[in-house]
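Student:
Number of protein chains: 2
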Amino acid sequence: MTATTSDEGVAVPVTIRDVARASGVHISTVSRTFSAPHLVNPETRVRVLACAEDLGYRPNRAARALITGRTHNIGLIIADIANPFFPPLIKAAEGQARHRDYHVFVADTNEDPTAEEELVHALAKQVDGVLLCSPRMSNSLIEQLSREVPLVVVNRQVTGLPCVLMDVGQGARSAIEHLIGLGHRGIALLGGPRSSWTNREMRRAASAAARAGGAELTVLGPNAPTEVGGSAVAEQVRRSGVSAVLAYNDLMAIGLIEGLDALGVRVPQEVSVVGVDDITLSRLTRPKLTTVATPTGAAGRTAVDMLLQQDIESPRGARGSGAGTALGVRRTTAQVMLQTDLVIRDSTGPGPYARPARPLAAPRGPDPHCPAGPGIPTAATGDAVAS
Amino acid sequence: MTATTSDEGVAVPVTIRDVARASGVHISTVSRTFSAPHLVNPETRVRVLACAEDLGYRPNRAARALITGRTHNIGLIIADIANPFFPPLIKAAEGQARHRDYHVFVADTNEDPTAEEELVHALAKQVDGVLLCSPRMSNSLIEQLSREVPLVVVNRQVTGLPCVLMDVGQGARSAIEHLIGLGHRGIALLGGPRSSWTNREMRRAASAAARAGGAELTVLGPNAPTEVGGSAVAEQVRRSGVSAVLAYNDLMAIGLIEGLDALGVRVPQEVSVVGVDDITLSRLTRPKLTTVATPTGAAGRTAVDMLLQQDIESPRGARGSGAGTALGVRRTTAQVMLQTDLVIRDSTGPGPYARPARPLAAPRGPDPHCPAGPGIPTAATGDAVAS
DNA sequence: CACGATCCTGCAAAGGTTTGCAATGAAGTA
DNA sequence: TACTTCATTGCAAACCTTTGCAGGATCGTG
């Protein structure tokens, strides 16, 4: 139908010049038809558009990027795609980006800080900004890299940089309070990667909550934030004598339950387990996992928005050199904290100090605890702070 | 440390020209230092490299792409990132690409054929090739798009295009034979998306195997290839009276098990269930899922290799117009079929026609069936066909 | 010494697009 | 009529890199 391809099946690139020739105008007019339509006569515009459509013209983004300094791409650096926590985030970020005519480079670092740094360098020239999701490198390195390319950080607090955070502190507190309420007094926290901000936050909040509730918190870790990371500490958990565990994430919680099962320890009858993230999987295991739901989709969308907003006012490879940017206006540093929610399912049950309010409440009825509201209620709280 | 950034924290792009000035050579020498090092005097080379390092120079890929016609990027179009089948594939593809100095654009289509087409168009100019994973659009459209940009198709057979296939036919046959061997005669196939090649292959092979083994196969579907897609048909499965089910994928199988459980139907005691994919999750549910393991990682790597191999010989935006490409050498059409393996776990058990060889063999012992070999043995069979 | 070969380097064009500036013409104003 | 304003379009430089071609230097050989 179109003249885009020769009959031989080899693509013939059609440029702005071809469209210009076909519609009898100068290339600059064609360019403007696409990038500044209001500057061209409506009649001309429709003619040019018709020709472009006809020829199957699509602007060459590399050329456009070369001169404008903006690629209309963003980078997404992920600690581990195989961790089910991330795909919903990627999906949301990608959708939001596409919605604003941006494309997304995804890179997986395998939880390796060195790979993170390399990838930022590699991506810097091809993208207008980078989303750093759960980075494992040092804050100072992140700050340094942020001079090379606009950065938005997810699940990490870096002063001076825009961040999207999930309130895992609040989540951990809810979880500990829930466990204490069930009558648990000896609780273990299954730590995640040492360099994880989330990990530190959880630990801080969980300690405080345990202290406040008169429970003792044992910290086990650091561990790999995976299912094997969880199952590996099952023996240790049993020996520690705790009756409840809060795990760094759902994957570890599930692994732990598996591991305990293999040791003949039953969940939640003997040990209660709480995860974090509310990945799809947590609804499908048996017992269904009690967990702190994190708003991953909202995080992805918000992060993209923040990046683009930051980007729009600074056309990077600009012509006039930066003498005019005296004020620190350029970088608006906002930090957004998203709320988390405890979702109570079947992996938590009464502990040794449970008050027998309803004496021996049906311990094996179907679905003992039911979440109050609908599935995953998540509310986003924007909290912008000017730099 | 470097002169890359001003103290103000705003990136100052450093180009080949800056390096040339600093090292006292012409820009073309700098260029050659990076793209054809053997053409430049070793002494000069080290000096240039030192200056480049010092200034923090990184080649601008957009400019390079503009002139060479090669972006060193590839596109990865995925039906649904949230489906745990894909992340390992993405991860493998991404690793392989990076290993060859390529970057990966990932796009999610939400199982929408229209989105697929749009994304191919959008990506075409920014990448050297596209991997189409489990596409839902028509074969003819795929062929048409392949004229715009080199394509490699995963999980779909398109004549004339390089494809990476997983032998789900073989997998389905093994599964059916396994079920028949256990004494099942009424078996249901839970179909996936109508436009899925995998779906058709499974159906074909499962029918044949059932017929050959004297069992009756009921096809239920099409269904959404998700956990809800599986749980939604639980009632239908129960009514159909079959004693075993082969599901389109693990997600559906798990959903079905959940759904059956809710109806009070026990797996594997009353109904046996087999999935496909061997996603991580399938080892973590209870009962652990018997499933057909697909080599997703190998598929990702192979697909990238095939794409790059195809690409290397055709520098797209070449200067000399294509008069010289008379022969069909340009497109080497290979199809690779990767083997699948049945992994027997706990979701399958004896059926109504089981021979009581060992009378009433321990129906609830821990881990009744064990996979024979190691985890997921996968062998790749290359099968190159010249066009 | 003359000649050719070899190695290295510089020159300049090219790639597709954007954009400041200038030119054109039409319309409006004094 | 003369002048200004405005809308529309063309011109050409610029973005950064690659690469064919040619020039220069050095060296070996006849």
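Protein chains in written order, with my numbering: chain A, 1 to 387; chain B, 388 to 774. Where is the CB? At the ideal position from N, CA and C, for every residue including glycine. Since the structure is predicted, the reported quantities are computational estimates derived from the model, not experimental observations.
Specify, as a first and last residue, the run of the alpha helix (DSSP H) that A122 of chain A falls within.
Tutor: Counting along the chain, the alpha helix (DSSP H) containing A122 of chain A begins and ends at 113-124.
Student: Establish whether the CB of D128 of chain A and some CB of chain B are separated by less than 9 Å.
Tutor: no
Student: According to DSSP, is T218 of chain A helix, strand or coil?
Tutor: strand
Student: Say whether chain A places a C-beta atom closer than 9 Å to the C-beta of N460 of chain B.
Tutor: yes
Student: Within the same chain, show all residues whose beta-carbon is closer than 8 Å to that of A741 of chain B, passing over the 5 residues directly before and after it, in chain order.
Tutor: L569, G570
Student: Among B:Q696, B:I574, B:T496, which has the Cα closest to the Cα of R626 of chain B?
Tutor: B:I574
Student: In this structure, how does DSSP classify D128 of chain A when only helix, strand and coil are distinguished?
Tutor: coil
Student: Chain B partners of E227 of chain A, CB-CB under 8 Å?
Tutor: T667, L671
Student: At the 9 Å Cβ level, is I464 of chain B part of the contact set with chain A, yes or no?
Tutor: no
Student: Can you tell me the Cα-Cα spacing of P42 of chain A and T33 of chain A, whole angstroms?
Tutor: Answer to the nearest angstrom: the Cα atoms are 9 Å apart.
Student: Kindly indicate which residue of A:E116, A:A172, A:E111, A:Q157 has the alpha-carbon position closest to the one of L145 of chain A.
Tutor: A:E116
Student: Do we get a CB-CB distance below 9 Å when we pair G642 of chain B with the residues of chain A?
Tutor: Answer yes: the Cβ-Cβ gap between G642 of chain B and chain A drops below 9 Å somewhere.
Student: Report, in whole angstroms, the separation of the C-beta atoms of V120 of chain A and T71 of chain A, which I expect to be a contact under 8 Å.
Tutor: Rounded, the Cβ-Cβ distance is 15 Å, inconsistent with contact.
Student: Can you pull out the residues from the region 426-452 of chain B whose beta carbon lies closer than 9 Å to at least one beta carbon of chain A?
Tutor: G443, R445, P446, N447, R448, A449, A450, R451, A452
Student: Any beta carbon from chain A within less than 9 Å of F473 of chain B's own beta carbon?
Tutor: So yes, F473 of chain B belongs to the interface.
Student: Tell me the DSSP bridge mates of C163 of chain A?
Tutor: A:V153, A:Q335
Student: Just to check my reading of the structure: D167 of chain A and T340 of chain A have Cβ atoms closer than 8 Å, yes? What is that Cβ distance to the nearest angstrom?
Tutor: Contact flag correct, Cβ pair sits at about 5 Å.
Student: How many whole angstroms separate the CB atoms of G191 of chain A and G221 of chain A, which I take to be in contact at a CB cut-off of 8 Å?
Tutor: 3 Å
Student: In chain order, what residues of the same chain have a beta carbon less than 7 Å from the beta carbon of R404 of chain B, not counting five sequence neighbours either side?
Tutor: I414
Student: Assuming V551 of chain B and A690 of chain B are in contact, meaning their beta carbons sit under 8 Å apart, how far apart are those beta carbons, in whole angstroms?
Tutor: 5 Å
Student: Report back the beta-carbon spacing between I465 of chain B and I477 of chain B to the nearest angstrom; my notes put them in contact at under 8 Å.
Tutor: 7 Å
Student: Any C-beta of chain A sitting closer than 9 Å to the C-beta of L510 of chain B?
Tutor: So, interface residue.
Student: Can a CB atom of chain B be found closer than 9 Å to the CB of E94 of chain A?
Tutor: Closer than 9 Å: yes.
Student: Note down, in chain order, all residues in the region 99-110 of chain A with a beta-carbon under 7 Å from any beta-carbon belonging to chain B.
Tutor: H103, V104, F105, V106, A107, D108
Student: Quick check: what's the CA-CA separation for T159 of chain A versus P500 of chain B?
Tutor: Straight-line measurement puts the Cα of P500 of chain B at about 43 Å from the Cα of T159 of chain A.
Student: How far does the beta strand (DSSP E) with S272 of chain A in it reach, from first residue to last?
Tutor: Annotation: the continuous beta strand (DSSP E) that includes S272 of chain A extends over 272-277.
Student: Compute the distance between the beta-carbons of L604 of chain B and G738 of chain B, then report whether it is under 9 Å.
Tutor: no
Student: Is the CB of E588 of chain B under 9 Å away from at least one CB in chain A?
Tutor: no
Student: So which residues of chain B does I90 of chain A contact, with C-beta pairs closer than 8 Å?
Tutor: I468, V493, D495
Student: Please report the straight-line C-alpha distance between G752 of chain B and T735 of chain B, rounded to a whole angstrom.
Tutor: Summary for G752 of chain B: the model assigns pLDDT 38, below 50, so the residue's position carries little reliability, and this model does not support an answer.
Student: Beta-carbon within less than 6 Å of D80 of chain A's beta-carbon, same chain only, minus the 5 sequence neighbours each way: which residues are those?
Tutor: So the qualifying residues of the chain are E111.
Student: Could you tell me which chain A residues have their CB closer than 7 Å to the CB of E645 of chain B, listed as they occur along the chain?
Tutor: L284
Student: Have a look at the DSSP bridge pairing and note the partners of R105 of chain A.
Tutor: Here residue 105 of chain A is Phe; the residue named in the question, Arg, does not match the sequence. A:G75, B:F492, per the DSSP bridge assignment.
Student: Quick one: what's V632 of chain B bridged to in DSSP?
Tutor: Beta-bridge analysis with DSSP links V632 of chain B to B:A575, B:V660.
Student: Output needed for D250 of chain A: all residues of its chain with C-beta closer than 8 Å, excluding positions within five of it in sequence on either side, in chain order.
Tutor: Excluding sequence positions up to five before and after D250 of chain A, its CB lies within less than 8 Å of the CB of P84, F85, G275, V276, D277, D278, I279, L281, S282, L289, T291, all in the same chain and listed in chain order.
Student: What residue range is occupied by the uninterrupted alpha helix (DSSP H) comprising A205 of chain A?
Tutor: 197-213
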